[in-house]
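A.B. asks:
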Amino acid sequence: TLAGVRVRNVFRDREGTLWIGTDGRGVYHQSGKQLVHYTTRQGLVNNFVRAFLQSRDGSVWIATDEGVSRWTKNRFTNYQMSDGLCYFSTRSLLEDRNGDLWIGTDRGVSRLHNDKFESDDAVRALQEEKVWAIHQDPDGGLWFGTRTGGLYRWQSAKLTHYTVAQGLASNSIYELLEDHNGKLWVSGPNGISVMN
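Spelled out as structure tokens, the structure:
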């Protein structure tokens, strides 16, 4: 039972099971009537959960306040600053169409390629930003929403920066969602912006 547990986020994987991230109590995984509780005692990197992602191979990635855990074959593999993660406080996750994992943190973004952290111009350009949202558009462009620095798009080795000066409702970005018409919806504290 989850009585008294502060829930931060909920995620349903492709198998239909439910993952519940908490504020200090780790992760609950519900499959049918079975509810399993995972904490640092079971190998989770940290008990404060911020985001979930299921990658193409079926792994479930869990962003926490102390790095990222990958759940696969009933065990955790953890990625922290000592492994090359740019910062410990992780906020957002995206698997791009090449299979690389992008991890947004409170001090930049990391890219995990073939289980190793790689640096590129996008990683270096965003190293001071708090990256709270990541999205990839159909053209392969990567969008990075930041806590105070507006919105960035990385496409063909070029980084474009959008702020309130270009019409954003706020330089603080909470979420990025694309609709079926290809419009990018950008939420923040002052409302919603639409990128055409």
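Just so you know, we're using the numbering used here here: the sequence shown kicks off at 741 and counts up by one.
Think of the CB as a built atom: it goes at the ideal place given N, C-alpha and C, for glycine as much as any other residue.
Taking its Cβ as the centre, do 16 or more other Cβ atoms sit within 10 Å of Val789, making it buried, or is it exposed?
C.D. replies: By the 10 Å Cβ count, Val789 comes out buried.
A.B. asks: Using the Cβ count rule (16 or more neighbours within 10 Å means buried), how would you classify Ala743?
C.D. replies: Under this definition Ala743 is an exposed residue.
A.B. asks: In this structure, how does DSSP classify Asp861 when only helix, strand and coil are distinguished?
C.D. replies: Asp861: helix per DSSP, three-state reduction.
A.B. asks: What residue from Ala803, Val785, Gln782, Thr779 has the CA that sits closest to Phe751's CA?
C.D. replies: The residue with the shortest Cα to Cα distance from Phe751 is Ala803.
A.B. asks: What do you get for Thr845, buried or exposed, if any count of 16 or more other CB atoms within 10 angstroms of its CB means buried?
C.D. replies: It counts as buried.
A.B. asks: So, with DSSP's three-state summary, where would you put Thr780?
C.D. replies: Looking at Thr780 - three-state DSSP - the assignment turns out to be helix.
A.B. asks: For the beta strand (DSSP E) that Leu866 lies in, which residues bound it at each end?
C.D. replies: Taken as a continuous stretch (DSSP letters only), Leu866 belongs to no beta strand (DSSP E), as it is neither H nor E.
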